[in-house]
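Engineer: Here it is, the structure, as structure tokens.
2 protein chains.
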Amino acid sequence: MTNTTPEMQRLYGPVTSDLPRVSAQIHSIAQNVGFEFLQRMLETALAGTGKMMRPAIALLAGRLGVYDLDRLVPLAASVELLHTATLVHDDVIDRAEERRGEPTPNALFGNAASVMLGDYMFAHAADFIAQTDNTQVVRVFAKTLMTIAKGELTQDITVFEYSADVQRYLDRIIGKTASLFGTAAQGGAMVAGASAEQVEAMRLYGLRLGIAFQIVDDILDFTGDPAVMGKPAGSDLQGGTLTLPAILYMQRHLDDNPVKKAFEGVRRKANLDRAIREILASGTIDESMAVARQFGSEAREALATLPPGETRETLDGLIDYVMTRRS
Amino acid sequence: MTNTTPEMQRLYGPVTSDLPRVSAQIHSIAQNVGFEFLQRMLETALAGTGKMMRPAIALLAGRLGVYDLDRLVPLAASVELLHTATLVHDDVIDRAEERRGEPTPNALFGNAASVMLGDYMFAHAADFIAQTDNTQVVRVFAKTLMTIAKGELTQDITVFEYSADVQRYLDRIIGKTASLFGTAAQGGAMVAGASAEQVEAMRLYGLRLGIAFQIVDDILDFTGDPAVMGKPAGSDLQGGTLTLPAILYMQRHLDDNPVKKAFEGVRRKANLDRAIREILASGTIDESMAVARQFGSEAREALATLPPGETRETLDGLIDYVMTRRS
Numbered sequence: 044m045t046n047t048t049p050e051m052q053r054l055y056g057p058v059t060s061d062l063p064r065v066s067a068q069i070h071s072i073a074q075n076v077g078f079e080f081l082q083r084m085l086e087t088a089l090a091g092t093g094k095m096m097r098p099a100i101a102l103l104a105g106r107l108g109v110y111d112l113d114r115l116v117p118l119a120a121s122v123e124l125l126h127t128a129t130l131v132h133d134d135v136i137d138r139a140e141e142r143r144g145e146p147t148p149n150a151l152f153g154n155a156a157s158v159m160l161g162d163y164m165f166a167h168a169a170d171f172i173a174q175t176d177n178t179q180v181v182r183v184f185a186k187t188l189m190t191i192a193k194g195e196l197t198q199d200i201t202v203f204e205y206s207a208d209v210q211r212y213l214d215r216i217i218g219k220t221a222s223l224f225g226t227a228a229q230g231g232a233m234v235a236g237a238s239a240e241q242v243e244a245m246r247l248y249g250l251r252l253g254i255a256f257q258i259v260d261d262i263l264d265f266t267g268d269p270a271v272m273g274k275p276a277g278s279d280l281q282g283g284t285l286t287l288p289a290i291l292y293m294q295r296h297l298d299d300n301p302v303k304k305a306f307e308g309v310r311r312k313a314n315l316d317r318a319i320r321e322i323l324a325s326g327t328i329d330e331s332m333a334v335a336r337q338f339g340s341e342a343r344e345a346l347a348t349l350p351p352g353e354t355r356e357t358l359d360g361l362i363d364y365v366m367t368r369r370s
Numbered sequence: 044m045t046n047t048t049p050e051m052q053r054l055y056g057p058v059t060s061d062l063p064r065v066s067a068q069i070h071s072i073a074q075n076v077g078f079e080f081l082q083r084m085l086e087t088a089l090a091g092t093g094k095m096m097r098p099a100i101a102l103l104a105g106r107l108g109v110y111d112l113d114r115l116v117p118l119a120a121s122v123e124l125l126h127t128a129t130l131v132h133d134d135v136i137d138r139a140e141e142r143r144g145e146p147t148p149n150a151l152f153g154n155a156a157s158v159m160l161g162d163y164m165f166a167h168a169a170d171f172i173a174q175t176d177n178t179q180v181v182r183v184f185a186k187t188l189m190t191i192a193k194g195e196l197t198q199d200i201t202v203f204e205y206s207a208d209v210q211r212y213l214d215r216i217i218g219k220t221a222s223l224f225g226t227a228a229q230g231g232a233m234v235a236g237a238s239a240e241q242v243e244a245m246r247l248y249g250l251r252l253g254i255a256f257q258i259v260d261d262i263l264d265f266t267g268d269p270a271v272m273g274k275p276a277g278s279d280l281q282g283g284t285l286t287l288p289a290i291l292y293m294q295r296h297l298d299d300n301p302v303k304k305a306f307e308g309v310r311r312k313a314n315l316d317r318a319i320r321e322i323l324a325s326g327t328i329d330e331s332m333a334v335a336r337q338f339g340s341e342a343r344e345a346l347a348t349l350p351p352g353e354t355r356e357t358l359d360g361l362i363d364y365v366m367t368r369r370s
């Protein structure tokens, strides 16, 4: 269960005190399951729900209209649960043994059971979103799951391809991350009955914030403290996934390229180690941060149509947080 | 795409001519995907949608109130798509290479891609069900997916256990099959605005018909023509799943039991062959048919509250069809 922290209070401002209710709804699915094995799997999967940024964005967006917690709490819970369910399936597909230093459900309970675990969580996410009593919001969520599944499929079939370009990278992280940020923000505004203009502004804010969030995430994969991140530096590259720092580096180093060699299977370990060193020294980390900042600025522009006040200030502050986070 | 056949006309009566619209909506998800690999996977998965019994039941139930195809077609399409999506994940979990003689998506495209294929199809099923504009129906569907996932999980963790009993078997087939039959019937009545009494009658009809359907399916696994079924006789038992004929046989033969020996790994092939022969000779096939007929009678009882007429007659006729089908 999430307890609110001083950091959450600082980040999420006026909606912080409502987040425990969201957390309680999420964790309710692991109670009275009547099936001990499934219950343990659910507890494992839900242990990863931490900072609650997506639910906080959904609630903040809900402040643009009628802030009705009976509808906004299920919405926010659905966002986080949909996110967590997709991670369960992602970890099956990527054969991931750990996530943030903890064993994944597939590592503990096997792939077959984890596929069903994810399906069961999707079903609860659908049940929660229906509690908004707004079928348009249900459809927005359904389309987001299509985008997420398509994005993961693209990542899966392009693994160890070294011909990635920036546009395909952006498409992929929109699918993987940003679409759900956009849906959280859009959904909150829709449920609150905000104007069509504000609903669209929130969708754009969430989408752009999500892109910036994922670029920073991909940078931290290179620069973060392995002890804090729970994974070695350059783990994406080692798994065959090119992220922005690596793609920009590839574009500058067409010849004698260690990534290309490693992905082709030539002295993989040595070439990957060299690639990570060279990427860190090449300046593409800073360039990637500049791209993230650009999306952060565009997220801020989307807020321009909102009335001034605590909601807008809090959403604005989240952009700064996303750009400066260390883990 | 499904073309209606004389058999479908005979079985589904007044709703037969509306089924092509359901089929068109289902197959629309494989059009304009913009991602050739996903499109091919969808076409493969949807090729299995055949007799359209679940959609027909949903439409028939819709005749108990306002028969509005703009809502009933998406409902019926959602039922069939949810069913097909769960089969995609089931085949991943069961490592099935074939279904009805055709290669499964996981056999053709791999497990990882098939997990995402199923998720993508769930998302479309959710989008379709939201088109009913009835969040109560969305919630019924969400709960059905929970039941299905739980049922498959139970089957997965009890594989090669030989201590199954009839009650656990019934729970399992309710999860696997009957719950969605119940939801199809209940959902159609709900969308049409039928009375609460008729909604409940249809749910019971669908649930009981679905139980009978699955028992007959499990009998046909022993008695059906392997060429027509696309699988060898006794394939469930060979895969470690005890169905009703085998469970009843186990209860009578506690000693020197070939199933027990086979599941324990003792001369598996020889003991399974002996088990299949003994089950076919033991009379438990007929006893299982009697159980199926009992559920068929109870399905018929549920129809007693409906007004007489073509809808009720057609629903009634489906019970006879389920009891007498050969494949």
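Going line by line, the protein sequences match chains A and B. The numbers in the working numbering rise by one with no breaks, and the one at position 225 of the first sequence is 268. The numbers in the working numbering rise by one with no breaks, and the one at position 84 of the second sequence is 127. Ideal Cβ placement from N, Cα and C applies to all residues, glycine included.
#1: Residue 172(B) to residue 121(B), Cα distance in whole Å?
#2: Quick test of your reading: residue 354(B) and residue 106(B), contact by CB under 8 Å. State the CB separation rounded to the nearest angstrom.
#3: What three-state label does DSSP hand residue 275(B) in the structure shown?
#4: Assuming residue 339(A) is part of the alpha helix (DSSP H), what are its boundary residues?
#5: Please tell me whether residue 169(A) has its Cβ less than 8 Å away from any Cβ of chain B.
#6: So with Cβ pairs under 8 Å, would you call residue 201(B) a contact of chain D?
#7: Excluding sequence positions up to five away, which residues of its chain have a Cβ less than 8 Å from the Cβ of residue 220(A)?
#8: Over the uninterrupted alpha helix (DSSP H) stretch that includes residue 174(B), give me the two end residues.
#9: Hey, how far is the Cα of residue 44(B) from the Cα of residue 87(B)?
#10: Could you tell me whether the Cβ of residue 181(B) comes closer than 8 Å to any Cβ of chain A?
#11: Report the rounded CA-to-CA distance for residue 340(A) versus residue 225(A), giving the unit in angstroms.
#12: For the candidate residues 324(A), 168(A) and 104(A), whose alpha-carbon lies nearest to that of residue 295(A)?
#13: Helix, strand or coil, according to DSSP, for residue 369(A) in the structure here?
#14: For the region 211–236 of chain A, which residues have a beta carbon sitting closer than 8 Å to at least one beta carbon of chain B?
#15: May I ask you to report which of helix, strand or coil DSSP gives residue 79(B)?
#16: Taking Cβ-Cβ distances shorter than 9 Å, what residues in chain A pair up with residue 136(B)?
#17: How would you list, in chain order, the residues of chain B whose beta-carbon sits under 7 Å from the beta-carbon of residue 192(A)?
#18: Okay, do the region 174–190 of chain A and the region 203–211 of chain A touch, 3+ Cβ pairs below 8 Å being the bar?
#19: Grab me the residues of residue 343(B)'s own chain with a C-beta within less than 7 Å of its C-beta, minus the 5 sequence neighbours each way, in chain order.
#20: Leaving out five residues before and five after residue 318(A) in sequence, what residues of the same chain have Cβ atoms less than 7 Å from its Cβ?
#21: Hey, residue 131(A) and residue 132(B): beta-carbon distance below 8 Å or not?
#22: Quick one: Cα of residue 235(B) to Cα of residue 74(B), how far?
#23: In terms of DSSP beta bridges, what is residue 145(B) paired with?
#24: Anyone know if the C-beta pair for residue 119(A) and residue 76(A) falls short of 8 Å?
#25: Between residue 345(B) and the rest of its own chain, which residues show a CB-CB distance below 7 Å, the 5 nearest in sequence each way excluded?
#26: So, is the C-beta of residue 132(A) closer than 8 Å to a C-beta in chain B?
#27: Measuring CB to CB, does residue 308(A) end up less than 8 Å from residue 104(A)?
#28: At the 8 Å Cβ level, is residue 265(B) part of the contact set with chain A, yes or no?
#29: So, under 8 Å CB-CB, residue 200(B) and residue 80(A) are touching, yes? Tell me the CB distance rounded to an integer number of Å.
#30: Which class does residue 94(B) belong to by DSSP, given the choice of helix, strand or coil?
#31: Would you report the Cα separation of residue 162(B) and residue 192(A), rounded to the nearest angstrom?
#32: Give the C-beta separation of residue 176(A) and residue 178(B) to the nearest angstrom, bearing in mind that I take them to be a contact with Cβ-Cβ under 8 Å.
#33: Considering only the beta carbon of each residue, do residue 134(B) and residue 117(B) sit closer than 8 Å?
#34: List the residues of chain B that residue 208(A) touches, going by C-beta distances under 9 Å, in chain order.
#35: Here's the rule I'm using: 16 or more other beta-carbon atoms within 10 Å means buried, otherwise exposed. How should residue 142(B) be labelled?
#36: Does any residue of chain A have a CB that is nearer than 8 Å to the CB of residue 196(B)?
Structural biologist: Well, looking at it:
#1: 6 Å
#2: Indeed, because the Cβ distance is near 4 Å, the residues count as touching under 8 Å.
#3: coil
#4: 327–345
#5: Residue 169(A) counts as touching chain B.
#6: The structure shown contains no chain D; its protein chains are A and B.
#7: 253, 254, 256, 257 and 260
#8: Where residue 174(B) is concerned, there is no enclosing alpha helix (DSSP H), because DSSP gives it neither an H nor an E.
#9: Per-residue confidence for residue 44(B) stands at a pLDDT of 49, beneath the threshold of 50, marking its modelled position as unreliable; the derived number appears in the next sentence. So the two alpha carbons sit approximately 12 Å from each other.
#10: yes
#11: 16 Å
#12: Distance check between residue 295(A) and each of 324(A), 168(A) and 104(A) places 324(A) closest, using alpha-carbon atoms only.
#13: coil
#14: Residues passing the 8 Å Cβ filter: none.
#15: helix
#16: 154, 155, 156, 158 and 159
#17: Those are 159, 162, 163 and 166, listed as they occur along chain B.
#18: no
#19: The beta carbon of residue 343(B) sits closer than 7 Å to those of 359 and 362, all from its chain and outside the five residues before and after it, given in chain order.
#20: 280, 301, 302 and 305
#21: no
#22: 29 Å
#23: By DSSP's assignment, residue 145(B) forms a beta bridge with 142(B).
#24: Using a Cβ distance threshold of 8 Å, residue 119(A) and residue 76(A) do not count as a contacting pair.
#25: Result list for residue 345(B): 244, 247, 248 and 251, in chain order.
#26: yes
#27: In this structure, residue 308(A) sits away from residue 104(A), with a CB-CB distance that is not shorter than 8 Å.
#28: no
#29: About 6 Å; that satisfies the 8 Å criterion.
#30: Note: residue 94(B) maps to coil in three-state DSSP.
#31: 6 Å
#32: 5 Å
#33: no
#34: The contacting residues do not exist; residue 208(A) stays about 17 Å from chain B at best.
#35: buried
#36: yes
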